[in-house]
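Participant: The structure under discussion is supplied below as structure tokens; questions concerning it will follow.
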Amino acid sequence: MKEEFLKYLKNASEVKCGIWNETSSILCNGVTEPGSNVVDKNIVIRQGRLMDMYCQPCNVPIPDHSHNYVELVYMCSGSTVHVINGTGILRLDTNDLLLLRQGTSHAVEPAGEEDIAVHFFLQPEFFLQPELMVEDGSILRHFITGPASGKHSVADYLHFHLQDMLPAQNLLENLIWSMIGDKKGRQEINQATMGILIMELFHNADKAELHDLAQYEEKMAMTAYQYLENNYPSATLEEFSALSMQPPYYISRLFKRHFQVTFTECLQLIRMIRAANFLASTSKPVEEIIAEIGYENSSYFHRLFKERYGMTPKQYRDKSKD
Numbered sequence: 116m117k118e119e120f121l122k123y124l125k126n127a128s129e130v131k132c133g134i135w136n137e138t139s140s141i142l143c144n145g146v147t148e149p150g151s152n153v154v155d156k157n158i159v160i161r162q163g164r165l166m167d168m169y170c171q172p173c174n175v176p177i178p179d180h181s182h183n184y185v186e187l188v189y190m191c192s193g194s195t196v197h198v199i200n201g202t203g204i205l206r207l208d209t210n211d212l213l214l215l216r217q218g219t220s221h222a223v224e225p226a227g228e229e230d231i232a233v234h235f236f237l238q239p240e241f242f243l244q245p246e247l248m249v250e251d252g253s254i255l256r257h258f259i260t261g262p263a264s265g266k267h268s269v270a271d272y273l274h275f276h277l278q279d280m281l282p283a284q285n286l287l288e289n290l291i292w293s294m295i296g297d298k299k300g301r302q303e304i305n306q307a308t309m310g311i312l313i314m315e316l317f318h319n320a321d322k323a324e325l326h327d328l329a330q331y332e333e334k335m336a337m338t339a340y341q342y343l344e345n346n347y348p349s350a351t352l353e354e355f356s357a358l359s360m361q362p363p364y365y366i367s368r369l370f371k372r373h374f375q376v377t378f379t380e381c382l383q384l385i386r387m388i389r390a391a392n393f394l395a396s397t398s399k400p401v402e403e404i405i406a407e408i409g410y411e412n413s414s415y416f417h418r419l420f421k422e423r424y425g426m427t428p429k430q431y432r433d434k435s436k437d
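According to the numbering used here, the sequence shown holds residues 116 to 437 in order.
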């Protein structure tokens, strides 16, 4: 990352540190009720915005807290130490990215003079934006904005090493430049950039580290979903079972527990979404789309499509044009 960029960020962390200026004021300036440690999105994210950004100042510890928004922490330079859910110790090094689901409890030890971290706060509603991934993000939104109990969540956080993910690094640098200048009229551009970044991360979800959160099973669940995303025209439970060397009943039970839909239901959902996208954005004949997404029975596809969207494929295409 350019030296000029880091110098600019270091200055921002010292001068424009948002709600973080001293330990005693961090929580009281971010919560709605005295004594609470739940930082509220309507306080830390400025009105009328779906996301906001703050540079973490040095020498100020962030006390243990949770929040009702999604947080991304990008380590531009140096390192910081995070305590997740009171016990897990996680070190972020240069070009590491930490994605925290809402409801996750965490604290941050004081950053040094050369440690530069940028925190992004995202409203849960951000993940409903069409420019992000239309309906394609149903499972991914469930991961990010799942219930605070974590009962059905894939994980409370994801840890990415972006050293080998140059597109994500470039998106983050451009986004930080744009947001730290706070120029008017750039909110839509910034939101679109963040949306592309989220999609980039989930296309590389297999590279994420889940640490102590039932790592093997959660990694397996994520891998199963990635398999469906990448192979939906021909994907089968039997094939993934063979690839993962696990019995089909185990994969089915695992998938249902983490995503609240079965392996087959998720495959069907992905195929329907792809069909809808093809209908809305191309002029391909319906029968060609049916074959392309992996269905052989046209009548079966039409029945499933109407059950999901309440109209025929032709009606959906006509409506999309309107």
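The beta carbon of each residue, even a glycine, is placed where N, CA and C say it ideally should be.
Pull up the DSSP beta-bridge partners for A226, would you.
Facilitator: The partner list for A226 (beta bridge, DSSP) reads C173.
Participant: Under 8 Å, do L352 and C381 count as touching if we go by C-beta distance?
Facilitator: In this structure, C381 does not lie closer than 8 Å to L352 by Cβ.
Participant: Which of the three DSSP states, helix, strand or coil, is assigned to Y424?
Facilitator: Here Y424 sits in helix by DSSP.
Participant: Does K156 pass the burial test, meaning 16 or more other C-beta atoms within 10 Å, or should it be called exposed?
Facilitator: Classification of K156: buried, given that the 10 Å Cβ count is 16 or more.
Participant: If we ignore side chains and look at the alpha-carbon of each, how far apart do N412 and S181 end up?
Facilitator: Rounded to whole angstroms, N412 to S181 spans 49 Å at the Cα level.
Participant: Beta strand (DSSP E) containing R206: first to last residue?
Facilitator: Run containing R206: G203 to D208, per the beta strand (DSSP E) assignment.
Participant: Roughly how many angstroms lie between the CA atoms of L212 and F275, to the nearest whole one?
Facilitator: Answer to the nearest angstrom: the Cα atoms are 5 Å apart.
Participant: Short check: CB of D179 to CB of M190, under 8 Å?
Facilitator: Cβ distance not < 8 Å, so D179 and M190 don't count as in contact.
Participant: What residue range does the alpha helix (DSSP H) around V159 cover?
Facilitator: K156 to V159 is the extent of the alpha helix (DSSP H) around V159.
Participant: Can you check which of these residues, I304, A357 and A283, is closest to K322 by C-alpha distance?
Facilitator: Checking every option, the nearest Cα to that of K322 belongs to A283.
Participant: Does the stretch 166-178 come into contact with the stretch 227-244, if we say contact requires no fewer than three beta-carbon pairs (one atom in each stretch) closer than 8 Å?
Facilitator: The stretch 166-178 vs the stretch 227-244: in contact.
Participant: From the DSSP output, which residues share a beta bridge with H180?
Facilitator: Per DSSP, H221.
Participant: Please classify S220 as buried or exposed, where buried requires at least 16 neighbouring CB atoms within 10 angstroms.
Facilitator: Buried is the call here.
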